Amino acid sequence: MSASDFYPYTLVEYSDQYQDQLIDMLARIYAEYDQVIELETLDSDLLEIKTQYNSPSCFELLLDDGKLVASVAVKIALGKIELKRVFVDPGYRLQGLGVKLSDWAFVYAKEQGCEYIDIWSDTLFTKAHQLYQKMGAEKLDETRNLGGANDIEEQHFRKDLS
């Protein structure tokens, strides 16, 4: 999968110039679930994307004529690999962008030599869970509680990349 697969949108590597747009987009998405963004704790990675997602990890943005419309990240660290931060602006949903971004991330992870990728997703994001399972990720019998102001509980999925 290449960047041209996202036409008419543009897939780019994260740049600090988009930090405010990214935080705003995620805050609006969290609000759909009556949650708040927690930049001091659970969402602090958004303040240090360049260091938190340095190579071989990556953080990509999907743009519509310079406007941020979606994000995706792959975190590779300490022998673990995770799909992270797959978010699509509400005004751009129902175009298959979540599927395309996830596919892009799966290809990227495989190119990095990974045999599988873990996905931890807020238990409230049931549509995302359906999407991951439709894409071949297995729902594991494991959850984790991250706590925070939103008392985040996440469901574990794993996608085989072999």
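Each number in our numbering comes from the position in the sequence shown (counting from 1) with 122 added on. C-beta atoms are modelled at their ideal positions from N, C-alpha and C, and glycine is treated no differently. Only a predicted model underlies this, so the values are computations on that prediction, with no experimental measurement involved.
Please name the residue, chosen from the options, that lies closest to residue i on a Cα-to-Cα basis.
i: Ala199; options: His251, Lys281, Thr173, Leu184; result: Thr173
i: Ala271; options: Ala153, Leu144, Glu135; result: Ala153
i: Tyr131; options: Leu219, Ile145, Ser179; result: Leu219
i: Gly213; options: Ile151, Ile241, Leu133; result: Ile151
i: Phe247; options: Met147, Phe209, Asp186; result: Phe209
i: Ser177; options: Gln234, Glu162, Gly258; result: Gln234
Which residue comes first and which comes last in the alpha helix (DSSP H) that contains residue i?
i: Ser193; result: No alpha helix (DSSP H) holds Ser193; the beta strand (DSSP E) holding it covers 189 to 199.
i: Tyr238; result: Element bounds for Tyr238: not the alpha helix (DSSP H) but the beta strand (DSSP E), 238 to 244.
i: Leu205; result: Counting along the chain, Leu205 falls outside any alpha helix (DSSP H), though it belongs to the beta strand (DSSP E) covering 202 to 210.
i: Gln143; result: 141 to 153
Looking only at its chain, what residues have a beta carbon closer than 7 Å to the beta carbon of residue i, apart from the 5 residues adjacent to it on each side?
i: Gly231; result: Before going on, a small fix: residue 231 reads as Ala here, not Gly. Cβ neighbours of Ala231 beyond the five flanking positions: Val196, Ile203, Ile239, Leu283.
i: Asp167; result: Gln174
The beta strand (DSSP E) spanning residue i covers which residue range?
i: Thr132; result: 132 to 135
i: Ala184; result: In the sequence as presented, Ala is not what sits at residue 184; that position holds Leu. Run containing Leu184: 180 to 186, per the beta strand (DSSP E) assignment.
Helix, strand or coil, according to DSSP, for residue i in the structure here?
i: Val221; result: helix
i: Ile159; result: coil
i: Leu216; result: coil
i: Asp138; result: helix
Kindly list the residues whose CB is nearer than 6 Å to the CB of residue i, restricted to its own chain and excluding five residues on each side of it in sequence; keep chain order.
i: Tyr140; result: Leu183, Leu190
List, from N- to C-terminal side, the alpha helix (DSSP H) runs of 4 residues or more that fit wholly inside the region 227 to 281.
248 to 256
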